[in-house]
Amino acid sequence: MSAGFADIDWARPWLAPIETRGRRWQAAALNGYADYLAALNEDALQAALVTGRGERLAFIAQEELPAGASYEGHIAQTGSVPTRHNLHDFFNGSMWFAYPRIKAALNARQAQQIDALGIGPTRGGVRDALTLFDENAVLFACADASLADALRAFDWRTLFVVERAAWGARCEARIFGHALLEKLVAPYRACTGHAWIVDVPADYFSLDDAARRALIDDRVAQRLNTELLDSRTFAPLPVLGVPGWWDANASSDFYDDTTVFRPGRRSR
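So this is what it looks like as structure tokens:
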């Protein structure tokens, strides 16, 4: 079963950072589950990445997760990521290669919380925030504090219309959350990510994609290792509002839909 792999449109701009590897994985996934896992593990062997406690990254079939074992804890202890033959886990695997330090930092914090609190009916505030990041984060790289302020204040007109030329020059968005990437295989206007603001130097925007990702990977991972986390750390970001990501947003009228571009905290 292809599980929607054929529906990935690599022309979508938010997929550009993972396209090269993603196309190979897509072809393997369309051939079957075994070929798909083999492709992931071949790349993992070459990349020599590690999970939250320094274990070498690998991918296993979901049914190989031992009964009673926690998903995050198993990854931290063994390095093996239980992986299903579906889009959700396809994009999760992709993020291990695009942002390996962030993924390892998330895994380390998740495992730490499990060790301290165990597995209960609820995750608790820190694990909830870590899961939210893992599933739905958008990394908002920004060299202009006024743009970060506009995002936090829900000032969509400033962020997307007045300062439209700033995108790619003083700010940009990079999707990290694998559940969000899965949703965007079939994009819809209200699709919203949880933006994590990353302060970057002005010369960040002169770097190539690999260098930008490496800089963000390092800075965000360091913060995840030390910061107190809760859901208030994030700012909502309707992702199809990002200039250049959706043809309809070339018209400023696109941002008049207050069911998507809500006034939020700005009106308080």
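Just so you know, we're using the UniProt record's numbering here: the sequence shown kicks off at 1 and counts up by one.
Don't be surprised by glycine CBs; every beta carbon is placed ideally from N, CA and C.
> Can you tell which of Asn86, Asn41 and Ala173 has its C-alpha closest to the C-alpha of Ala29?
Replying inline: It is Asn86.
> CA-CA distance, Glu42 and Val161?
Replying inline: Distance between the alpha carbons of Glu42 and Val161 is about 44 angstroms.
>> So, with DSSP's three-state summary, where would you put His85?
In response: It is coil, neither helix nor strand.
> For Asn107, is the classification buried or exposed, using 16 other Cβ atoms within 10 angstroms of its Cβ as the cut-off for buried?
Replying inline: Answer is buried; the Cβ neighbour count reaches 16.
>> For a quick check, are the C-beta atoms of Leu37 and Ala47 less than 9 angstroms apart?
In response: Going by C-beta atoms, Leu37 is not nearer than 9 angstroms to Ala47.
> Should Leu45 be labelled buried (16 or more other beta-carbon atoms within 10 Å of its own) or exposed?
Replying inline: Answer is exposed; the Cβ neighbour count stays below 16.
> Around the C-beta of Pro238, are 16 or more other C-beta atoms found within 10 angstroms, so that it is buried, or is it exposed?
Replying inline: The residue in question, Pro238, is buried, as its Cβ has 16 or more Cβ neighbours within 10 Å.
>> If you follow the alpha helix (DSSP H) that Ala145 is in, where does it begin and where does it stop?
In response: Per DSSP, Ala145 is one residue of the alpha helix (DSSP H) stretching across Ala145 to Arg152.
>> Using C-beta distances below 7 angstroms, list every residue in its chain close to Ser252, excluding the 5 sequence neighbours before and after it, in chain order.
In response: Excluding sequence neighbours, Ser252 sits near Val161.
> Can you tell me whether Tyr188 is buried or exposed, with buried defined as 16 or more other CB within 10 angstroms of its CB?
Replying inline: Classification for Tyr188: exposed.
> Is Asn92 buried or exposed, if buried means 16 or more other CB atoms sit within 10 Å of its CB?
Replying inline: Label assigned to Asn92: buried.
> Can you give, in chain order, each stretch of the beta strand (DSSP E) that sits fully within the segment 44-116 and has at least 3 residues?
Replying inline: Secondary structure remark: continuous beta strand (DSSP E) runs of at least 3 residues inside the segment 44-116, in chain order: 58-61 and 80-83.
> How would you label Met1, buried or exposed, when you count the other beta carbons within 10 angstroms and need 16 or more for buried?
Replying inline: In this prediction, Met1 scores a pLDDT of 39, lower than 50, which makes its location untrustworthy; no coordinate-derived value is stated.
>> Between the alpha carbons of Arg170 and Thr259, how many angstroms are there, rounded?
In response: C-alpha of Arg170 to C-alpha of Thr259: approximately 27 angstroms in a straight line.
> Since Asp7 contacts Val185 with CB under 8 angstroms, what's their CB separation in whole angstroms?
Replying inline: That pair is a contact at about 5 angstroms.
>> Going residue by residue through the segment 150-193, where are the continuous alpha helix (DSSP H) segments of at least 4 residues, counting only ones entirely within it?
In response: Taking only runs of at least 4 residues, the alpha helix (DSSP H) segments lying wholly in the segment 150-193 are 178-183.
> Between Arg268 and the rest of its own chain, which residues show a CB-CB distance below 8 angstroms, the 5 nearest in sequence each way excluded?
Replying inline: Unreliable placement is indicated for Arg268, whose pLDDT of 38 sits below 50; the coordinate value is still reported in the next sentence. Cβ within range, chain order: n/a, list empty.
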